[in-house]
Structures are given as C-alpha cells and as structure tokens.
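In order, the protein sequence lines correspond to chains A and B.
In terms of this note's numbering, the first sequence is residues 31 to 272.
In terms of this note's numbering, the second sequence is residues 27 to 404.
In what follows, a structure is listed as structure tokens, so that the remarks can point back to it.
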Amino acid sequence: MIRLLDVRKGFNLGKPNAFVAVSGITLTLEANRVTVLKGPSGSGKTTLLSLVGCMARPTSGRITLTGRFPGFNGSAGEPDLREIEVTSLPERFLTKVRQRTFGFVFQQFNLIGGLTVLENIMLPAIPLGERHDVTRERALALLDLFGLGGRADARVEWLSGGEAQRSAIARALINDPPVVIADEPTAHLDSKLSLEFMDIIALLKDRGKTAIIASHDPLVSEAGMVDRVVAMRDGLIDGEPA
Amino acid sequence: MTRWIESQRNILDYTLSSLLRRKGKNASLLFVYTLVVFILASAMFFLQGMKREAALLLRETPEIVVQGMLQGRYDPIPDTHLEKIRSIRGVLSAETRLWGYYYDPVAGANYTLLVPRDRTITGDAIVIGNGLSRVRQVFPGDILSFRGRDGTNRPFVVEGTFPAESELVSADLILVSAEGFRSLFGLPPSRATDIVVTVRNPREVRTVARKIAEMLPEARPILRDEIARTYDSVFDWRGGIVLVLLSMSLLAFAILAWDKASGLSAEERREIGILKAIGWETSDVIAAKVYEGWFVSFFAFTLGLLIAYWHVFFTSAALFAPALKGWSVLYPDFRITPFVDPYQVAVLFFLTVVPYTAATVVPSWRAAIVDPDAVMRT
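Set out below in structure tokens:
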C-alpha cells in the first residue's frame with residue numbers, strides 16, 4: 031500500500047520560471063490493484079508517478095510505503111511487512127527501496143541501444159550483486175513469458191514496437207518488484223499493441239502485482255482490469271469517476 | 027561483501043560491453059592515447075638509456091688525461107713526459123695510451139681504434155665492436171683492411187667481437203696491437219696519443235693536474251670531472267630537446283583529457299539517465315565510468331610502453347636518433363642496452379592514467395547526479 035499525504039512538488043522555486051506540478055494530493059493506492067492516473071498533458075500525472083516511485087522527493091508532504099524491505103529490519107532472512115516513510119530517507123536508501131519495490135515502464139521505452147534484449151532486461155539487477163547466471167535465468171523466463179524467447183540475443187534496435195514494449199515491461203519486472211509504474215505506456219502504440227499491453231497488465235495483476243499507470247488514453251482507463259481511475263487537473267485530483 | 031564483489035563484477039561486465047558498443051570512438055581514443063604514451067615513454071627510455079651508457083663510459087675514464095698541445099690544438103705527446111709525471115708526489119701511476127679515429131668510407135662511419143692496456147693483442151689481430159661487425163658484415167676469422175697513412179692497404183685479422191654490455195662504448199671500437207696502430211697511423215715510437223694518470227688521493231687530483239701543467243707547459247691535463255661536465259652539458263642539451271618533446275606530448279594529452287572531461291555525448295548522457303531511472307545509484311554509474319577509464323587507460327599505457335620499449339631498445343630509437351644521437355661513435359648502428367627505471371614508469375603512470383581516469387569520472391559524475399526522474403521528464 032502506498033499513501034500520500036498532502037504531497038506537493040514544485041520546480042525552480044524562487045526563480046522566475048517556478049511552477050508547481052503537484053499542489054497537495056492526498057491519496058491511498060491499494061496493493062494488487064490497477065490504478066490509472068488520467069488527465070490532460072501538464073496535469074501532474076508524470077510528476078506524481080515519479081514521487082510515488084521514489085524517483086523524486088516532494089517539496090512538502092509525506093509518502094509512506096507498506097512492504098517488505100530487505101536491509102531495513104536489521105536482521106537476515108525474509109523481512110517483515112512494515113510501513114516506512116520514504117520522503118525522509120537518504121538517497122542511498124531511497125534507491126534501495128526503489129530497486130526492490132518498483133519496476134518502471136517509460137513512455138519512450140528507454141532501452142539502451144547497442145545492447146541485446148537480454149542485456150537490457152538484466153540492467154536493473156546489475157547493482158544488486160546477484161549472481162549473473164541467476165539473473166540471466168530469471169530474464170530468460172520473463173522473455174518466454176512475453177513471447178520474446180527467440181529474441182534474447184537480438185539488439186534492441188532491431189525490435190518491432192510491440193517487442194520493444196514487451197522488453198521494457200520485462201526489464202521492469204526483472205527484480206520482481208511488487209509495484210509496476212508505467213508512464214504513458216501506450217503513447218507510441220497502435221490500438222492492437224495498446225490492448226496487448228493492457229493484457230499484460232491483467233496478467234501481472236493476476237500474479238499479485240500492483241500497477242500504477244499514467245495515461246490519457248481511453249483504451250487504458252476504460253480497460254476491464256483497471257480498478258480505479260484517478261483524474262487529475264492542474265496538479266490536483268479532479269474527483270474519482272464511478 | 028560477496029554481494030558487493032558480485033555487483034562490481036556485473037558492473038565491470040557491463041563496462042566491457044559498453045566499450046565494445048562504442049568500438050569506433052574507443053579505438054580512436056585508444057590510438058591517440060597509446061601514441062602519446064609511446065612518445066613520452068620513448069623519450070624517457072631513450073634519455074635514460076643514453077645517460078646510463080654515458081655513466082658506464084665515465085666509470086672507465088681515468089682521473090687525469092694529459093694531452094700534448096701544438097698551436098693550441100691537440101698533438102701526440104712525447105713518451106719522455108712519462109717519467110716526469112711519475113716523479114710528481116701523489117701520482118700512483120702514469121701510462122701512455124694509443125688511440126685514434128679512422129673514417130671508413132665504405133661504411134661512412136668513424137671507428138675508434140684503441141691499443142688496450144689490459145689485454146694483449148699482437149701483430150695483425152683486431153677485436154671489433156658489434157656495430158662495426160654489423161655494418162661491415164665481418165666476423166671472427168675475416169680480414170678487414172684499412173688504408174694507412176702512407177696510402178697502402180693494411181690488412182687486419184678479426185680475432186673477436188665485444189659482448190654487448192654497453193654498445194655506446196664498444197659499437198665502433200677496434201682493439202688493435204701497438205705496432206698495428208703505429209704502422210696504420212704512422213705514429214713514431216717515441217710518441218703516444220696521450221698519458222693517463224691515476225692519483226693516490228682523489229682530493230689531490232687538482233693539485234697534481236696543476237703541477238703537471240706547470241711542469242709541462244706544452245701539455246694539457248684534463249680531469250674526469252671536466253669530461254663529466256661536458257657529457258652532462260651534451261646530455262642536458264639533448265635533454266632539452268626531449269623536454270620539448272615531452273611538453274608537446276603532455277599538451278596533446280591534456281587536450282585529449284580535456285576533451286573527455288568537457289562533456290559526454292548526448293547518447294552517453296541519456297544512457298546514464300536511464301541507468302539512474304531503472305535503479306542504479308550515482309556510485310554505480312561512477313564505478314562503471316571509473317572502470318571504463320581505467321580499462322582504456324591501462325590498456326593504452328601498457329601498449330604505449332611496450333611499443334616504446336621496442337622502439338628504443340630494438341630499433342635504436344629510429345624516430346629520435348637523427349636529432350638526438352651524437353656523432354662519431356654513433357655512426358655505426360648502435361643499440362642502447364635495455365634498462366627500465368620503475369620510478370620513471372610510475373611517474374609516467376601518474377601523469378597519464380590518473381588524470382585521464384579523473385577526467386573520465388568528472389563529467390560522468392555530473393551526469394549521474396541528475397534526479398532519476400529526469401528521463402521521465404524529457
């Protein structure tokens with residue numbers, strides 16, 4: 031579960047070009063649910079996503095996560111379920127939380143050119159210090175899951191739009207995070223691929239994952255597996271449609 | 027700890043694959059870097075080698091050499107001076123020497139002919155230096171003829187060649203018997219090339235030299251210190267040229283490092299942004315860049331050093347030789363005895379590898395401290 035309490039985020043504060051992207055949002059996002067943040071461009075969706083995903087800190091307000099966080103309970107073995115406030119964590123710990131809790135799918139996919147599909151998928155696991163062959167096994171299993179088994183050694187430049195998108199999702203899942211965050215994932219996809227993406231989200235939900243998607247695409251917000259749509263405008267929640 | 031080692035291994039793996047991804051860029055970087063190290067290391071090896079050869083040469087030089095003078099220039103010395111010099115208090119020994127130069131038009135080289143004092147050579151026998159042996163393709167048992175002062179050819183039998191301890195000393199050297207020397211150069215038996223004097227107490231060398239100068243006004247005593255000074259100034263001059271070479275190479279290196287330091291390509295910056303966004307820490311990105319810098323640097327350094335070693339000690343510094351070597355003894359193709367000073371190699375290492383690595387890290391650090399969400403906002 032992720033809780034936001036009166037969260038604000040401003041950029042370039044105190045300068046002539048200052049602007050506030052998120053102006054005081056209080057929101058609770060339940061685990062194992064698919065939530066869509068909907069709204070026009072500039073409504074603050076992406077900023078809210080980056081705050082939820084521990085990529086940026088709010089200017090004010092608090093964000094808490096409930097989960098199992100390795101290295102935070104001081105003892106070896108499986109950590110207990112606990113709630114931590116991430117807004118006050120130092121960068122190193124915040125990164126650790128992010129590595130283990132969130133998988134990110136970006137609008138542009140952001141795969142690294144020149145590397146193979148398999149190498150791209152394994153990238154988020156590199157700093158975790160896991161054995162290479164263990165990560166590789168997991169990456170290959172994910173590729174099989176998304177029908178990319180035969181493309182493991184292909185360079186990402188050679189992939190079709192759909193393959194690139196599935197590779198990006200596989201990369202987001204390599205560290206087995208409980209939460210998947212996607213920012214406008216269907217912006218560059220046609221309807222067929224957009225529906226395919228939502229099918230994958232349904233699959234992840236079935237596997238117990240939480241998904242938070244920022245999108246203004248009706249194909250996303252009106253999909254059957256979406257549990258909740260949060261409408262945003264001018265950095266505020268506009269009201270929750272029924 | 028195991029996790030940390032494993033993560034560093036993974037980062038290193040990623041670094042190597044990154045280097046291979048940018049083959050063209052890294053190959054050209056490696057080429058320039060290797061070239062700079064090669065020039066620096068060649069200059070260093072060369073200068074060091076020459077100084078060492080000179081030191082070996084001076085070790086054998088007598089404390090005082092007395093030359094005859096005529097009209098202010100060198101003249102063979104009468105052997106009657108020998109007894110006069112020996113009578114000076116403090117002189118341990120005084121011996122005449124026979125040595126001279128011979129210009130060989132066949133090889134276009136000057137040879138040094140010397141009658142050894144510590145070795146007996148008789149009749150027509152000669153012992154030759156390696157350089158001469160190479161140039162003239164003569165080996166023990168062959169006959170080598172020189173044109174004498176009277177215009178006739180004087181044949182000598184090669185008895186042996188020198189071991190290559192120091193080619194600067196022996197490359198063009200020919201050891202010859204006293205009668206062979208005198209007949210070739212037409213030097214009368216009562217004259218010698220010069221007289222070498224050893225002194226019992228090294229602190230009295232100057233006093234003895236002054237007494238010789240007073241006793242034999244037509245002779246000139248030369249001290250080892252003076253020879254050392256001459257060598258020093260010769261090497262300092264050459265050192266000056268090397269210094270110019272070094273400064274230019276360092277400047278080239280500074281430009282290379284500055285170019286690297288002044289920024290990353292848009293592609294590299296984007297890649298760092300992605301890595302941060304998918305969960306890499308700033309320190310992970312910096313570690314990857316340090317490994318990258320180290321790898322390029324270390325590879326170029328080693329390669330440059332090895333090529334320089336080969337250049338200086340196996341091709342006799344073919345690129346520098348025309349400007350830096352002396353005359354006479356060096357006309358035959360002489361090779362510097364291989365010698366590497368670990369201290370200087372370490373200095374070169376700290377002048378190249380360390381600043382280059384730092385130059386690689388700074389822009390990466392600047393790119394890596396961006397917020398991880400930067401990728402989402404662009």
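Positions of the beta carbon are idealized from the N, C-alpha and C atoms, including for glycine.
Fair warning: this is a prediction, and the values are worked out from it, not measured in the lab.
Inter-residue CB distance, residue i and residue j (contact presumed, cutoff 8 Å)
i	j	result
Asp150(B)	Gly186(B)	Actually they do not touch by this definition, with Cβ atoms about 14 Å apart.
Val382(B)	Gly330(B)	Here the sequence assigns Tyr to residue 382(B), which means Val is not the residue at that position. The pair is not a contact, with the Cβ atoms about 12 Å apart (cut-off 8 Å).
Val117(B)	Val225(B)	6 Å
Asp198(B)	Gly157(B)	5 Å
Leu67(A)	Val260(A)	5 Å
Tyr127(B)	Ile200(B)	So it is not a contact: roughly 10 Å between Cβ atoms.
Arg128(A)	Gly305(B)	6 Å
Asn52(B)	Leu45(B)	5 Å
Simplified DSSP assignment, three categories, for residue i
i	result
Ala253(A)	coil
Asp174(A)	helix
Val388(B)	helix
Ser33(B)	helix
Leu332(B)	helix
Thr341(B)	coil
Thr233(B)	helix
Lys165(A)	Going by the sequence as given, residue 165(A) is Thr instead of Lys. In the structure shown, Thr165(A) sits in a helix (DSSP, three-state: H, G or I).
Gly40(A)	strand
Leu282(B)	helix
Ser43(B)	helix
Pro381(B)	helix
Ile55(A)	strand
Val186(A)	helix
Phe165(B)	coil
Arg181(A)	helix
Phe321(B)	helix
Ala217(A)	coil
Ala61(A)	coil
Gly265(A)	coil
Arg255(B)	helix
Pro207(A)	coil
Arg145(B)	coil
Ile32(A)	strand
Pro104(B)	strand
Arg217(B)	strand
Ile152(B)	strand
Bounding residues of the alpha helix (DSSP H) (the contiguous stretch that carries residue i)
i	result
Lys222(A)	221-236
Lys239(A)	Run containing Lys239(A): none; DSSP gives neither H nor E here.
Phe72(B)	49-85
Gly192(A)	191-203
Arg112(B)	107-112
Range covered by the beta strand (DSSP E) that runs through residue i
i	result
Asn156(B)	Here Asn156(B) belongs to no beta strand (DSSP E); instead the alpha helix (DSSP H) covers 156-162.
Ala197(B)	Careful: Ala197(B) lies outside any beta strand (DSSP E) and carries neither H nor E.
Phe207(B)	Element bounds for Phe207(B): not the beta strand (DSSP E) but the alpha helix (DSSP H), 204-211.
Arg246(B)	245-249
Leu290(B)	Where Leu290(B) is concerned, there is no enclosing beta strand (DSSP E), given that its DSSP letter is neither H nor E.
Ile169(B)	169-173
Gly126(B)	117-130
Ala48(A)	Premise fails: Ala48(A) is in no beta strand (DSSP E) and is neither H nor E.
Leu242(B)	Segment: none, Leu242(B) is in no beta strand (DSSP E) and carries neither H nor E.
Gln93(B)	90-96
Ala135(B)	135-141
Ile221(B)	220-225
Asp101(B)	99-101
Arg180(B)	179-187
Do three or more CB pairs link the region 199-219 of chain A to the region 234-249 of chain A at distances below 8 Å? The region 199-219 of chain A vs the region 234-249 of chain A: in contact.
Any chance you could list the alpha helix (DSSP H) runs of at least 4 consecutive residues sitting entirely within the region 74-161 of chain A, in chain order? If we require 4 residues or more, the alpha helix (DSSP H) runs fully inside the region 74-161 of chain A come out as 75-82, 121-131, 147-152.
Spell out a yes or no on whether the region 383-398 of chain B and the region 290-307 of chain B are touching, meaning 3 or more CB-CB pairs, one atom from each, closer than 8 Å. Cβ pair count under 8 Å is three or more, so yes.
Tell me, please, whether the region 120-136 of chain A touches the region 159-177 of chain A by the rule of three or more beta-carbon pairs shorter than 8 Å. The region 159-177 of chain A and the region 120-136 of chain A do not touch, with fewer than three beta-carbon pairs separated by less than 8 Å.
Between the region 216-233 of chain A and the region 35-47 of chain A, are three or more C-beta pairs nearer than 8 Å? Because the criterion of three Cβ pairs below 8 Å is not met, the region 216-233 of chain A and the region 35-47 of chain A do not touch.
Three or more C-beta pairs under 8 Å: does that hold for the region 171-181 of chain B against the region 47-64 of chain B? Segments in contact, no.
Touch test, the region 72-80 of chain A against the region 48-58 of chain A, Cβ-Cβ under 8 Å, three pairs minimum: Output reads yes: the region 48-58 of chain A touches the region 72-80 of chain A.
The region 179-187 of chain A contacting the region 137-157 of chain A, beta-carbon criterion three pairs below 8 Å: Segments in contact, yes.
Can we say the region 242-259 of chain B touches the region 308-323 of chain B, given the rule of at least three CB pairs closer than 8 Å? Flag = no, the region 242-259 of chain B and the region 308-323 of chain B do not touch.
Report yes or no: do the region 94-108 of chain B and the region 213-220 of chain B share at least 3 C-beta pairs separated by less than 8 Å? Touching, yes.
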